[in-house]
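Quick notes on the structure that follows.
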Amino acid sequence: MVELHKFLGVKPSITTSFHPSANSRVERLHGPLKASVRKLCADKPREWHRYLIPTLFALREIPSDHTGFSAFELLYERTVRGPLQVLRDLWENPNIQNEERSAFHYFVEL
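14 is the number that this note's numbering gives to position 6 of the sequence shown; each next residue is one higher, with no gaps.
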């Protein structure tokens, strides 16, 4: 395992359980995540779980101040094509197939 770390140029970080300051980069995301979900589910707080995945998607498409890339771009090596881009493409192109139109309705129902 040590050789793999050297090859990749990474340094393993061992942290203790229930010690958030040890994982500060991960914990830093929790603040905006909780604030966003709290605002989205203000009317129906018991349905917070419905807003979690779309909120995570939105947070992952925001470029980082440090790298200039979003988490999505770093993982998939391309820019994200989110629901609004899909809706725009469906709106502007009347020649889109029925399967893609049903995807439009799926997004709207989310």
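Backbone N, C-alpha and C fix where the C-beta goes; we use that ideal spot for every residue, glycine too. Remember, predicted model here, so these are calculated numbers, not experimental data.
Check                                                                                                                                                                                  : Outcome
Would you mind stating whether Arg68 and Phe80 have Cβ atoms separated by less than 7 Å?                                                                                               : yes
Between which two residues does the alpha helix (DSSP H) containing Arg54 stretch?                                                                                                     : Unbroken run through Arg54: none, as it is neither H nor E.
Please work out which residues of its chain come closer than 7 Å, Cβ to Cβ, to Leu48, disregarding the five sequence neighbours upstream and downstream, and give them in chain order. : Tyr59, Thr63
Quick one: which unbroken beta strand (DSSP E) runs of 3-plus residues sit fully inside the region 11-84? Chain order, please.                                                         : none
In or out: Val10 buried (at least 16 other Cβ within 10 Å) or exposed?                                                                                                                 : exposed
Quick check on Arg86: does DSSP put it in helix, strand or coil?                                                                                                                       : coil
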